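Going by our numbering, the sequence shown opens with residue 290, and the numbers climb by one from there.
Think of the CB as a built atom: it goes at the ideal place given N, C-alpha and C, for glycine as much as any other residue.
Note that the coordinates shown come from a computational prediction; the quantities given were computed from them, not determined experimentally.
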Amino acid sequence: NLDGVPFETMRRMIVDHHRHEGLVTLSWHPRNPLTGGDAWDVSQRNVVHEVLPGGSCHDRFMGWLDDVAAFITSLRTAEGETIPVLFRPWHEHTGSWFWWGQRLCSTAEYEALWKMTVERMRDRGVRMLTVYSPNPCVTGLEYLERYPGDAWVDILGLDAYHSSDAGAFVTRLGASLGIMDQIARDPRKPYAVSETGMEG
Numbered sequence: 290n291l292d293g294v295p296f297e298t299m300r301r302m303i304v305d306h307h308r309h310e311g312l313v314t315l316s317w318h319p320r321n322p323l324t325g326g327d328a329w330d331v332s333q334r335n336v337v338h339e340v341l342p343g344g345s346c347h348d349r350f351m352g353w354l355d356d357v358a359a360f361i362t363s364l365r366t367a368e369g370e371t372i373p374v375l376f377r378p379w380h381e382h383t384g385s386w387f388w389w390g391q392r393l394c395s396t397a398e399y400e401a402l403w404k405m406t407v408e409r410m411r412d413r414g415v416r417m418l419t420v421y422s423p424n425p426c427v428t429g430l431e432y433l434e435r436y437p438g439d440a441w442v443d444i445l446g447l448d449a450y451h452s453s454d455a456g457a458f459v460t461r462l463g464a465s466l467g468i469m470d471q472i473a474r475d476p477r478k479p480y481a482v483s484e485t486g487m488e489g
């Protein structure tokens with residue numbers, strides 16, 4: 290629980306947001322299962338390898354996924370109707386500040402992590418749309434480098450923060466959105482700026 294907000298408070302706020310016709314997005318910053326550090330602990334380069342099947346942290350990590358699934362499936366209206374969510378795991382993977390980042394696992398390992406996560410959520414009955422959210426990119430190949438495939442992603446996303454240079458931010462964001470627009474046409478997927486704000 291990254292921010293110390295009680296899960297019951299989160300649940301209540303999500304239900305209230307849905308009641309007001311809002312769309313709920315959930316991201317997840319799991320602790321480093323190998324070291325016990327936070328999501329930004331990149332001291333070991335083999336964490337993804339160790340959470341995949343056969344790895345030393347696999348069983349523990351699958352339990353974590355079950356906890357996430359249990360929380361999401363607990364999101365219900367007063368009438369007992371399940372609240373759908375946008376689930377945005379393993380975001381900003383084209384950077385290397387999270388243990389699932391680009392320099393900390395191979396492309397094949399990242400794609401396996403994504404598929405394992407989504408498959409577990411689906412197996413547990415989670416009602417969700419998945420959002421793939423790299424950082425700003427300059428080419429379509431860069432955007433899709435670790436894309437797990439159309440069957441595993443529902444929405445194309447982009448995490449982009451405004452730095453001190455407003456002109457550069459607008460230019461880069463526009464270029465990235467143009468790339469996403471082209472990529473989204475063939476599979477006819479929606480796309481969005483999935484995380485943004487003023488840097489710092």
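Please name the residue, chosen from the options, that lies closest to residue i on a Cα-to-Cα basis.
| i | options | result |
| --- | --- | --- |
| Leu323 | His307, Cys426, Val340 | Val340 |
| Trp441 | Asp470, Trp403, Ala455, Ala449 | Trp403 |
| Leu430 | Gly446, Leu291, Ile472, Arg300 | Ile472 |
| Ser422 | Ala397, Ser395, Met410, Leu466 | Leu466 |
| Leu375 | Val313, Met405, Trp389 | Val313 |
| Lys478 | Ala397, Ile372, Gly438 | Gly438 |
| Met405 | Val304, Arg301, Val337 | Val337 |
| Gly489 | Gly456, Gly446, Tyr450, Thr362 | Tyr450 |
| Ile303 | Asp330, Leu418, Phe360, Trp329 | Phe360 |
| Gly344 | Gly414, Pro378, Glu398, Gly390 | Glu398 |
| Glu408 | His382, Ala358, Glu370 | Ala358 |
At the level of alpha carbons, what is the spacing between residue i and residue j?
| i | j | result |
| --- | --- | --- |
| His347 | Met487 | 36 angstroms |
| Ser453 | Val459 | 11 angstroms |
| Thr366 | Gly311 | 13 angstroms |
| Asp475 | Arg435 | 18 angstroms |
| Gly326 | Val427 | 32 angstroms |
| Arg392 | Arg320 | 18 angstroms |
| Met469 | His306 | 28 angstroms |
| His309 | Leu364 | 15 angstroms |
| Arg334 | Gly352 | 22 angstroms |
| Ala457 | Ala464 | 11 angstroms |
| Ser332 | Ser385 | 11 angstroms |
| Arg301 | Leu447 | 28 angstroms |
| Asp356 | Arg349 | 11 angstroms |
| His318 | Trp379 | 8 angstroms |
| Thr362 | Tyr432 | 31 angstroms |
Using three-state DSSP, classify residue i as helix, strand or coil.
| i | result |
| --- | --- |
| Arg477 | coil |
| Gly326 | coil |
| Leu291 | coil |
| Thr371 | strand |
Starting from residue i, trace the alpha helix (DSSP H) in both directions and tell me its first and last residue.
| i | result |
| --- | --- |
| His306 | 296-308 |
| Thr396 | 396-412 |
| Glu431 | 429-433 |
| Thr362 | 347-362 |
| Val336 | 336-340 |
For the beta strand (DSSP E) holding residue i, just list the boundary residues, first then last.
| i | result |
| --- | --- |
| His380 | Taken as a continuous stretch (DSSP letters only), His380 belongs to no beta strand (DSSP E), as it is neither H nor E. |
| Ala449 | 448-451 |
| Leu315 | 313-316 |
| Leu393 | Leu393 -> no beta strand (DSSP E), and no H or E assigned at all. |
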